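J.:
There are 2 protein chains.
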Amino acid sequence: MDSYVLDLAKRRKTTRRFSSRPIDLKQVIAALEAACQAPSGANSQPWRFLIVTDPKVKKRVREACENGEKAFYSKVKGELGKWLLAKGLNWQKPFLEEAPVLVLIFSETKAPYAIQSAWLAIGHILLALEESGLGTMTYTPSITREVTEEIDLPKGFRLEAILPVGISVDEKPKEPKFGLRQVAYLNFWGHRLDATALLSGTVSRQPS
Amino acid sequence: MDSYVLDLAKRRKTTRRFSSRPIDLKQVIAALEAACQAPSGANSQPWRFLIVTDPKVKKRVREACENGEKAFYSKVKGELGKWLLAKGLNWQKPFLEEAPVLVLIFSETKAPYAIQSAWLAIGHILLALEESGLGTMTYTPSITREVTEEIDLPKGFRLEAILPVGISVDEKPKEPKFGLRQVAYLNFWGHRLDATALLSGTVSRQPS
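Shown next as structure tokens:
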């Protein structure tokens with residue numbers, strides 16, 4: 001049997017379309033409390049959260065993000081440009097208004113490992129929201145300046161991501177994922193995990 | 209009642225001292241499978257994992273890390289230096305040999321949001337290991353060059369963290385953490401979550 005965490009991780013998928021049904025803010029708060037328990041560089045806890053439920057604020061955040069996306073999409077090319085086109089993504093971000101709640105996540109720029117710590121904490125949030133049956137995604141605005149001005153973000157903080165949160169009505173399947181065999185090695189780089197390793201019993205701490 | 213994920217997040221603490229008892233590699237593999245299910249920039253899945261069980265490799269990794277730490281600790285100062293001193297931390301990293309398993313985590317440097325994606329995945333790993341009753345920590349070598357040379361890391365990958373994994377015999381309590389009230393705002397930066405917000409019922413998607 002899978003572990004519960006693995007089961008949540010497998011179920012979770014990116015949600016870009018949300019129902020207008022209201023959600024229980026307590027579930028969002030529980031997910032952020034899980035984030036607050038994460039480790040961080042020198043325990044600096046360099047995360048800050050702005051929970052947005054006010055439709056006027058959501059609208060302003062959406063507009064600021066979309067202005068940045070228009071500038072970004074007018075220039076994007078290469079592999080990323082191809083991927084975005086193939087996925088049907090463009091500058092429009094209606095989920096920023098459609099989701100009943102937005103969670104903006106910031107890092108304190110001078111803290112050690114600030115970005116790493118904030119994103120590790122986001123890893124906790126996603127699983128906690130999945131457990132609550134709520135959909136979300138980690139939206140990273142391509143250009144953040146206008147957003148941070150709109151919300152009067154003080155100096156010393158960086159916008160890492162915006163998580164729209166709500167009941168999913170997104171019917172797109174989960175993106176396919178590499179198996180561990182494709183991304184994990186055993187003891188030496190390039191030495192792939194094989195069935196023996198996957199099924200083997202225990203490994204002990206042996207004197208070398 | 210807390211959610212299960214929140215409960216795991218609360219229980220989890222940094223483990224620096226490990227029992228020599230063997231562990232079931234399948235639990236480590238399940239935790240990495242949870243990581244593989246995480247979202248990533250343009251679904252690039254820019255994470256790679258090197259599971260180390262061979263004592264000779266662990267010893268070489270430890271030595272390479274400690275050489276870097278000696279250089280780092282000879283120069284560190286400021287707030288971080290004070291914090292390290294107060295916590296009794298120094299260049300010695302015995303857990304890199306004492307833990308029965310090490311998991312080295314890498315990001316693919318050219319992938320979009322590579323660091324962010326790898327650390328979000330680490331957030332999944334920590335909760336999955338906690339569920340299995342295994343201790344770990346996110347050790348970030350201060351200087352990675354000698355480590356990456358030792359393991360013949362190809363160009364294009366960056367060492368993000370080393371997770372020693374095993375049965376905890378670390379009796380230090382969990383570091384104190386900020387409550388959500390200290391790090392979360394509602395609708396406007398600086399507008400702290402109050403008891404009303406924490407206990408309030410639902411928020412709906414209203415037309416603005």
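Protein chains in written order, with this note's numbering: chain A, 1 to 208; chain B, 209 to 416. Virtual Cβ for every residue (Gly too), placed ideally from N, Cα, C. Since the model is a prediction, treat every value here as computed from it, not as a measurement.
#1: For chain B, is any of its Cβ atoms less than 8 Å away from the one on V52 (chain A)?
#2: Q235 (chain B) to W327 (chain B), Cα distance in whole Å?
#3: Pull the bridge partners of Y139 (chain A) from the DSSP assignment, please.
#4: I believe L6 (chain A) touches A336 (chain B) by the beta-carbon criterion, under 8 Å. Please report the beta-carbon distance rounded to the nearest angstrom.
#5: Count the other C-beta atoms from every protein chain shown that fall within 10 angstroms of the C-beta of L85 (chain A), then say buried if there are 16 or more, exposed otherwise.
#6: Take every Cβ of the stretch 95-107 of chain A, pair it with every Cβ of the stretch 71-82 of chain A, and state whether three or more of those distances are shorter than 8 Å.
#7: By the criterion of Cβ-Cβ separation under 8 Å, what are the contact partners of A225 (chain B) in chain A?
#8: Could you tell me which chain A residues have their CB closer than 8 Å to the CB of E293 (chain B), listed as they occur along the chain?
#9: I'd like to check one pair, R268 (chain B) with F365 (chain B): are the Cβ atoms closer than 8 Å?
#10: Compare the beta carbon distance of M345 (chain B) and P372 (chain B) with 8 Å and say whether it is the shorter of the two.
#11: In whole angstroms, what is the alpha-carbon distance linking A319 (chain B) and G249 (chain B)?
#12: Could you name the residues that DSSP lists as bridge partners for I313 (chain B)?
#13: At 4 residues or longer, what runs of the alpha helix (DSSP H) sit wholly inside the stretch 112-136 of chain A?
#14: Could you say if the stretch 88-96 of chain A and the stretch 296-305 of chain B meet the contact criterion of at least three C-beta pairs nearer than 8 Å?
#15: Mapping the DSSP letters down to three states, classify R192 (chain A) as helix, strand or coil.
#16: Taking only the alpha-carbon atoms, compute the straight-line gap between C36 (chain A) and A243 (chain B) and give it to the nearest angstrom.
#17: Less than 8 Å separating the beta-carbons of I162 (chain A) and L96 (chain A)?
#18: Given a limit of 7 Å on CB to CB distance, which residues of the stretch 232-246 of chain B reach chain A?
#19: Less than 7 Å separating the Cβ of I125 (chain A) from some heavy atom of the ligand PLP?
#20: Do the stretch 166-178 of chain A and the stretch 186-194 of chain A make contact, defined as three or more Cβ pairs closer than 8 Å?
#21: Which class does D215 (chain B) belong to by DSSP, given the choice of helix, strand or coil?
#22: If you follow the beta strand (DSSP E) that A184 (chain A) is part of, which residue opens it and which one closes it?
#23: May I have a chain-ordered list of the alpha helix (DSSP H) segments no shorter than 4 residues that lie completely inside the stretch 251-299 of chain B?
#24: I want to verify the contact list: residues of chain D whose CB lies under 7 Å from the CB of L159 (chain A), in sequence order.
#25: Does any residue of chain A have a CB that is nearer than 8 Å to the CB of L335 (chain B)?
#26: Identify every residue that forms a DSSP beta bridge with S376 (chain B).
#27: Using a beta-carbon distance cut-off of less than 9 Å, what residues from the stretch 162-190 of chain A approach chain B?
#28: Determine whether the Cβ of G331 (chain B) lies closer than 8 Å to any Cβ atom of chain A.
#29: DSSP beta-bridge partners for D152 (chain A)?
T.: The relevant details are as follows:
#1: It does: the Cβ of V52 (chain A) has a partner Cβ on chain B nearer than 8 Å.
#2: Q235 (chain B) and W327 (chain B): Cα-Cα distance of roughly 20 Å.
#3: Answer is A:I162.
#4: Right, their Cβ atoms sit about 6 Å apart.
#5: L85 (chain A) sits exposed, since fewer than 16 C-beta atoms from the chains shown fall within 10 Å of its C-beta.
#6: Result no; under three Cβ-Cβ pairs closer than 8 Å.
#7: First, the amino acid is wrong: residue 225 (chain B) is Arg here, not Ala. Using a Cβ-Cβ cut-off of 8 Å, R225 (chain B) is close to nothing in chain A; its nearest Cβ partner there is about 13 Å away.
#8: As written in the sequence, residue 293 (chain B) is Leu, which differs from the Glu given in the question. Correct list: empty, because the minimum Cβ distance to chain A is about 11 Å.
#9: Going by C-beta atoms, F365 (chain B) is not nearer than 8 Å to R268 (chain B).
#10: At the C-beta level, M345 (chain B) and P372 (chain B) come within 8 Å of one another.
#11: The straight-line gap from Cα to Cα measures roughly 7 Å.
#12: Beta-bridge partners assigned by DSSP to I313 (chain B): B:F257 and B:A369.
#13: The DSSP assignment places 114-131 as complete runs of the alpha helix (DSSP H) inside the stretch 112-136 of chain A, in order along the chain (cut-off: 4 residues).
#14: No, because fewer than three Cβ pairs between the stretch 88-96 of chain A and the stretch 296-305 of chain B fall closer than 8 Å, the two stretches do not touch.
#15: Of the three classes helix, strand and coil, the one that applies to R192 (chain A) here is strand, per DSSP.
#16: One C-alpha to the other measures close to 20 Å.
#17: Yes. Within cutoff.
#18: D232, L233, I237, A238, L240, E241, A242, C244, Q245 and A246: these are the residues of the stretch 232-246 of chain B whose beta carbon lies less than 7 Å from some beta carbon of chain A, given in chain order.
#19: Looking for the ligand PLP in the displayed structure turns up nothing, as the structure carries no ligands at all.
#20: When C-beta atoms of the stretch 166-178 of chain A are compared with those of the stretch 186-194 of chain A, fewer than three pairs fall below 8 Å, so the two segments do not count as touching.
#21: Correct three-state label for D215 (chain B): helix.
#22: Segment A184 to L186, the beta strand (DSSP E) holding A184 (chain A).
#23: You should have 263-281 and 286-294.
#24: Checking the listed chains, one finds no chain D in this structure; the protein chains it contains are A and B.
#25: The beta-carbon of L335 (chain B) is placed less than 8 Å from the nearest beta-carbon of chain A.
#26: Per DSSP, B:F226.
#27: Within the stretch 162-190 of chain A, the qualifying residues are G166, K174, E175, P176, K177, F178, G179, L180, Q182, V183, A184, Y185, L186, N187, F188, W189 and G190.
#28: Yes, G331 (chain B) counts as interfacial toward chain A.
#29: None, per the DSSP bridge assignment.
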